[in-house]
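Structure record follows, encoded as structure tokens.
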Amino acid sequence: MNPVNYLYLAALLFTIGASGVLIRRNAIVVFMCVELMLNACNLALVAFSRMHGNLDGQIIAFFTMVVAAAEVVVGLAIIVSLFRSRHSASVDDASLMKL
Amino acid sequence: MTDLAAYTTSTGEAFQFWVLGTIAVIGALCTVFMKKAVHSALCLAGTMIILAVFYLANGAYFLGIVQVVVYTGAIMMLFLFVVMLVGVTAADSLKETIKGQRWLALLCGLGFGILLYAGIGNASLNEFNGLGQANAGGNVEGLAALIFTKYVFAFELTGALLITAAVGAMVLTHRERTERAKTQREMAEERVREGKQLPPLPAPGVYARHNAVDIAGLLPDGTASELTVIKTLRERGQIRDVSNEAINDLKALEQRAEERLGREEEATK
Amino acid sequence: MENLIALLVVAPLLGAAVLLCGGRRLDAVGHWIGTVLAAASFVIGAILFADMLGKGAEEREMTQHLFSWVPVEGFQADVAFQLDQLSMTFVLLISGVGSLIHVYSIGYMEHDERRRRFFGYLNLFLAAMLLLVLADNYLLLYVGWEGVGLASYLLIGFWQHKPSAATAAKKAFLVNRVGDMGLSIAIMLMFAWFGTFAFGPVLEATGETSEGKLTAIGLMLLLAACGKSAQVPLQSWLGDAMEGPTPVSALIHAATMVTAGVYLIVRSGAIFNGAPDAQLAVTVVGAVTLLFGAIVGCAKDDIKKALAGSTMSQIGYMILAAGLGPIGYVFAIMHLVTHGFFKAGLFLGAGSVMHGMNDEVDMRKYGGLRKYMPVTFVTFGLGYLAIIGFPGLSGFFSKDKIIEAAFAKGGTEGWILGGVALLGAAITAYYMTRVMLMTFFGEERWRHAPTPSPAEPSVEPAAETHGEHAEPHPHESPSSMTIPMIVLAFGSVFAGAFFGIGDRFIHWLEPVTGHAHGHPPVSALTVTLSTVAVMVIGVGLAYAQYGRRPVPVVAPRGSLLTRAARRDLLQDDFNHVVLVRGGEHLTRSLVYVDHTLVDGVVNGTAASMGGLSGRLRRLQNGFARSYAVSMFGGAAVLIAATLLMRAV
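Protein chains in written order, with UniProt numbering: chain H, 1 to 99; chain G, 1 to 269; chain L, 1 to 648.
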């Protein structure tokens with residue numbers, strides 16, 4: 001098997017995650033889909049690291065994880081406060097920015 | 001470790017890839033299409049663990065462990081907490097409300113995927129150096145050497161980012177009480193003023209037989225009253241309708257009572 | 001000495017400023033201030049003149065540089081004055097005749113409560129005209145040119161309570177604007193082609209400029225001259241300008257304003273010398289106007305309008321002479337000066353007659369006034385003899401020279417121009433004799449003057465405005481009015497002989513304008529004799545018509561030509577039909593095009609943009625997921641673009 005297949009898998013997962021972001025209305029699930037996309041990227045980075053024979057790809061994946069952790073903390077806090085004020089976790093309900 | 005440097009992987013790894021890869025894709029799809037957020041979270045956790053295995057297979061031992069500990073262990077648990085906090089809402093429905101959104105999403109997803117595949121296929125990725133040399137002194141040591149030399153500023157910045165995120169989350173969720181809490185008297189007066197529901201809400205349960213919170217109280221004509229059940233259960237649709245059951249129970253009770261009375265009658269004869 | 005030049009302009013300008021800003025407290029002395037400052041200008045002019053006479057002919061030009069007006073690299077506009085023999089002639093004429101008219105106005109405007117303001121305007125008029133003739137470049141000349149236009153507007157409309165006066169002022173201003181446009185275009189052309197508009201460099205540069213360019217500039221200058229000097233086709237304002245007070249008419253016709261066009265053409269002689277086509281146009285305009293004005297003058301019963309027609313005709317002579325080139329420049333200026341004397345005298349005389357006749361202007365209601373106004377009669381009569389070219393008087397010398405020069409043009413043109421000039425002389429004699437006879441001779445028609453019926457169209461409107469049909473009591477005017485008339489009469493009599501005998505005037509002006517002796521196809525004596533002959537014929541005709549037969553008090557219907565001439569040869573009708581109607585049609589069609597085509601395009605664009613944005617607006621639906629689709633699609637496009645670039 002050619003390790004390029006890892007990249008194909010990453011692309012597939014990324015696309016599924018992106019579609020989920022577009023389709024789902026529950027903010028929490030949308031957020032999970034974003035995490036899925038991040039993980040797909042990480043997989044691709046790890047595969048790159050192996051192809052090039054150095055560890056820089058892994059370092060970047062590591063940073064991605066850290067940033068994702070920070071992002072999850074803030075994002076979930078936003079969802080919670082949104083739910084508190086609007087009694088709904090739907091992303092469509094927060095649609096005031098329009099004419 | 002030497003096999004990592006090969007142009008092709010070992011048969012074992014190939015077998016592992018195809019099996020686990022399939023499960024990972026199914027998990028991802030389930031994440032998207034599961035109706036309940038809890039199920040989505042669980043599927044995602046599964047996918048992430050499989051990804052951790054793939055990291056290990058690719059020579060990223062440190063990341064594989066971190067993936068399990070941080071992602072599946074910490075982040076996904078955070079998700080679950082929030083799911084519990086928010087509860088079940090109408091947003092869980094998979095019914096599309098924006099016109100054309102689903103088709104557009106599908107079109108974009110397909111186009112994006114095909115283009116991505118074309119891009120990967122187009123790139124000349126046939127050379128594999130493998131990580132044998134890079135991991136020679138140990139994966140963790142190798143990473144550490146890079147993080148604390150080449151990437152030290154980025155590392156320090158991520159530290160600052162994490163602290164900022166923690167403070168930010170606290171600021172977002174923390175709510176200072178700026179006004180006095182309403183007293184019971186004030187709430188009662190407010191209810192009278194609104195004039196919608198003067199007395200306290202009716203209690204759930206039917207007679208003394210069904211007093212569980214998921215069973216609606218019956219109105220005099222025998223139909224169930226939704227008012228008696230709490231909102232979360234109502235939205236989840238977890239109300240047990242017991243009106244027929246209750247009426248049947250009543251009939252049975254009467255019958256039994258008559259039988260006993262009849263027997264007693266007979267006995268008196 | 002040079003430093004005095006600016007004072008020529010400053011003195012009357014100061015008068016205008018003081019009188020117009022001073023307010024009512026100057027009412028009692030305002031006319032004296034104005035007159036003294038105008039006279040001061042004349043005295044300075046006389047001092048400069050004396051100084052100039054003391055120098056050799058080639059060293060007489062003086063310049064004074066006041067300040068740089070617009071100093072930009074490659075663009076120099078200075079406020080600088082140039083006083084040479086030509087300017088000197090004009091300065092003396094303007095300030096001299098102007099001062100006399102000031103003196104006359106003291107008496108004439110005595111009962112007008114806005115006399116101070118009137119003198120302010122008169123001073124402004126003088127200042128603007130002096131600036132015009134003293135400027136050493138075309139831009140400063142243009143300032144004076146516009147100043148003259150402004151002052152004429154203010155003075156013609158001085159009795160603004162009369163709608164006719166206000167309209168006449170507006171008309172004069174508007175028609176002048178057409179001419180001003182010509183001058184401004186000419187100046188722009190000069191700047192574009194020569195890079196300067198100072199007289200010296202421009203006139204020197206004409207030598208190496210193509211004829212086409214010179215013709216363009218020349219024609220534009222001619223348009224300017226037509227406007228200011230009331231030449232066909234921009235002549236229509238002059239007749240209506242008679243609505244102003246009579247001294248204003250005298251000032252406009254004799255000393256200022258209408259002479260500006262002649263000055264401009266003579267000053268720009270070098271340009272016209274290099275452009276024969278433009279010169280031909282000038283002579284044609286002059287010849288046509290000469291006959292036009294003369295014919296109009298024959299038919300008018302309003303004494304001032306008859307004189308206005310005469311002015312038009314005489315300026316036509318000057319323009320004709322100026323168009324002849326070096327053989328005519330000097331005679332144009334000479335006729336201008338002599339005309340300044342006798343026309344001022346005639347107008348002041350007419351004003352004096354009106355003064356004594358309750359402001360009646362219809363000559364058919366005059367008659368036999370010589371007994372009642374002896375001084376006016378004598379001075380007017382001398383002016384009359386001068387204008388018809390009675391041998392020995394000033395008009396004889398100057399007009400005869402112009403006719404001679406016209407013949408000297410040579411070829412068919414010379415015969416035609418000379419013939420027209422001769423014919424004009426005959427008509428001049430005719431209409432001036434008519435004015436003279438109707439005013440001062442014959443029976444006293446003003447006694448028992450019938451009340452004019454309102455249905456009679458030929459009655460001049462001016463008679464009705466005053467509405468005094470009581471019998472007038474003709475009397476001589478006060479000395480403040482008669483003295484200027486006497487002085488001017490002296491000028492009318494002797495100026496021509498003084499200038500003409502021994503070619504004095506030619507020697508005086510030659511260094512500036514140049515002079516070439518023409519050679520008429522017939523001898524000069526023949527021309528002179530025929531001029532006198534046609535003059536006698538004109539006088540005789542007029543005498544046969546107006547002297548031997550009684551003049552009807554109500555104008556007869558007259559021939560077609562007479563009726564047309566009474567309407568100024570249909571000039572206003574022509575303007576109305578061609579310009580006003582044409583303009584209306586043009587604007588209407590332009591408005592139509594604007595509404596349908598231009599507005600259609602603009603509104604259509606706006607509507608389609610509005611519709612498009614109305615649809616695009618729906619993209620802004622507020623749903624984050626819709627925006628996410630756009631982002632995702634954009635990312636796909638980016639990948640596609642990257643792949644495409646790699647493939648290429």
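Note that CB positions come from ideal geometry on N, CA and C, so glycine has one too.
Within chain L, partners of residue i - CB distance below 8 Å
{"i": "H/Ser95", "result": "Asn621, Gly622, Phe623 and Ala624"}
{"i": "H/Ala18", "result": "Phe632"}
{"i": "G/Ala73", "result": "First, the residue type needs correcting, since residue 73 of chain G is Gly and not Ala in the sequence shown. Result: empty, since nearest Cβ-Cβ is about 29 Å, beyond 8 Å."}
Residue i versus residue j - alpha carbon distance
{"i": "L/Leu150", "j": "L/Gly157", "result": "11 Å"}
{"i": "L/Glu110", "j": "L/Pro326", "result": "46 Å"}
{"i": "L/Gly328", "j": "L/Glu113", "result": "45 Å"}
{"i": "L/Ala281", "j": "L/Gln231", "result": "12 Å"}
{"i": "L/Met631", "j": "G/Gly21", "result": "28 Å"}
{"i": "L/Arg581", "j": "L/Asp572", "result": "12 Å"}
{"i": "L/Met645", "j": "G/Leu80", "result": "45 Å"}
{"i": "L/His335", "j": "L/Asp84", "result": "19 Å"}
{"i": "G/Trp103", "j": "L/Arg617", "result": "20 Å"}
{"i": "L/Ser458", "j": "L/Met363", "result": "Per-residue confidence for L/Ser458 stands at a pLDDT of 44, beneath the threshold of 50, marking its modelled position as unreliable; no derived number is given."}
{"i": "L/Val602", "j": "L/Leu619", "result": "26 Å"}
{"i": "L/Glu360", "j": "L/Leu7", "result": "40 Å"}
{"i": "G/Cys43", "j": "H/Asp93", "result": "26 Å"}
First and last residue of the uninterrupted beta strand (DSSP E) at residue i
{"i": "L/Phe75", "result": "Phe75 to Leu83"}
{"i": "L/Thr63", "result": "Met62 to Val72"}
Residue interval of the alpha helix (DSSP H) (run including residue i)
{"i": "L/Gln279", "result": "Pro276 to Ala299"}
{"i": "G/Met84", "result": "Met76 to Val86"}
{"i": "L/Arg504", "result": "Arg504 to Thr513"}
{"i": "G/Thr31", "result": "Thr11 to Phe33"}
{"i": "L/Ser236", "result": "Ser236 to Asp240"}
{"i": "L/Trp415", "result": "Gly411 to Phe440"}
{"i": "L/His585", "result": "Gly582 to Val593"}
{"i": "residue 270 of chain G", "result": "Outside the displayed range of chain G (1 to 269) lies residue 270 of chain G, so it cannot be described from this structure."}
{"i": "L/Trp193", "result": "Pro163 to Phe194"}
{"i": "residue 649 of chain L", "result": "Beyond the ends of chain L as shown, which are 1 and 648, falls residue 649 of chain L; an answer cannot be given."}
{"i": "L/His339", "result": "Tyr329 to Gly356"}
{"i": "L/Pro12", "result": "Ile5 to Gly22"}
{"i": "G/Thr232", "result": "Lys231 to Arg236"}
Chain H within 8 Å of residue i, Cβ atoms only
{"i": "L/Val637", "result": "no"}
{"i": "L/Ala640", "result": "no"}
{"i": "G/Thr9", "result": "yes"}
{"i": "G/Gly262", "result": "no"}
{"i": "G/Ala166", "result": "yes"}
{"i": "G/Met1", "result": "Residue placement at G/Met1 is poorly supported in this model, since its pLDDT is 42, which falls under 50; the coordinates still yield a value, given next. Judged by the 8 Å Cβ criterion, G/Met1 is not in contact with chain H."}
{"i": "G/Gln133", "result": "yes"}
Any C-beta of chain G under 8 Å from that of residue i
{"i": "L/Leu643", "result": "yes"}
{"i": "H/Cys33", "result": "yes"}
{"i": "H/Arg86", "result": "no"}
{"i": "H/Met65", "result": "yes"}
{"i": "L/Arg646", "result": "yes"}
CB contact check: residue i to chain L, cutoff 8 Å
{"i": "H/Leu22", "result": "yes"}
Under 9 Å by beta carbon: chain G residues contacting residue i
{"i": "L/Gly633", "result": "Leu104, Leu107, Cys108, Gly111 and Phe112"}
Beta-carbon neighbours of residue i, restricted to chain L and to distances below 9 Å
{"i": "G/Gln101", "result": "Phe623, Arg625, Ser626 and Val629"}
Neighbour list for residue i in chain L, Cβ cutoff strictly below 7 Å
{"i": "H/Val91", "result": "Ala624 and Arg625"}
Contacts of residue i in chain H (Cβ-Cβ under 8 Å)
{"i": "G/Val68", "result": "Going along chain H, no residue has its Cβ under 8 Å from G/Val68, so there is no contact; the nearest lies around 12 Å."}
Residue i Cβ short of 7 Å to the ligand GDP heavy atom set
{"i": "L/Ser41", "result": "Looking at this structure, you won't find the ligand GDP or any other ligand, since it has none at all."}
Partner residues on chain C for residue i, Cβ-Cβ distance less than 9 Å
{"i": "G/Leu94", "result": "Among the chains of the structure shown, chain C does not appear; the protein chains present are H, G and L."}
Could you tell me whether the region 75-93 of chain L touches the region 239-247 of chain L, using the rule of 3 or more Cβ pairs below 8 Å? Taking 8 Å as the limit for Cβ pairs, the verdict is that the region 239-247 of chain L does not touch the region 75-93 of chain L.
For the region 313-323 of chain L against the region 368-380 of chain L, do three or more pairs of beta-carbon atoms, one drawn from each stretch, fall closer than 8 Å, so that the two count as touching? no
Would the region 470-479 of chain L count as touching the region 337-344 of chain L if we require 3 or more Cβ pairs under 8 Å? no
Assess, as a yes-or-no matter, whether the region 152-169 of chain G is touched by the region 52-71 of chain H under the definition of 3 or more beta carbon pairs within less than 8 Å. yes
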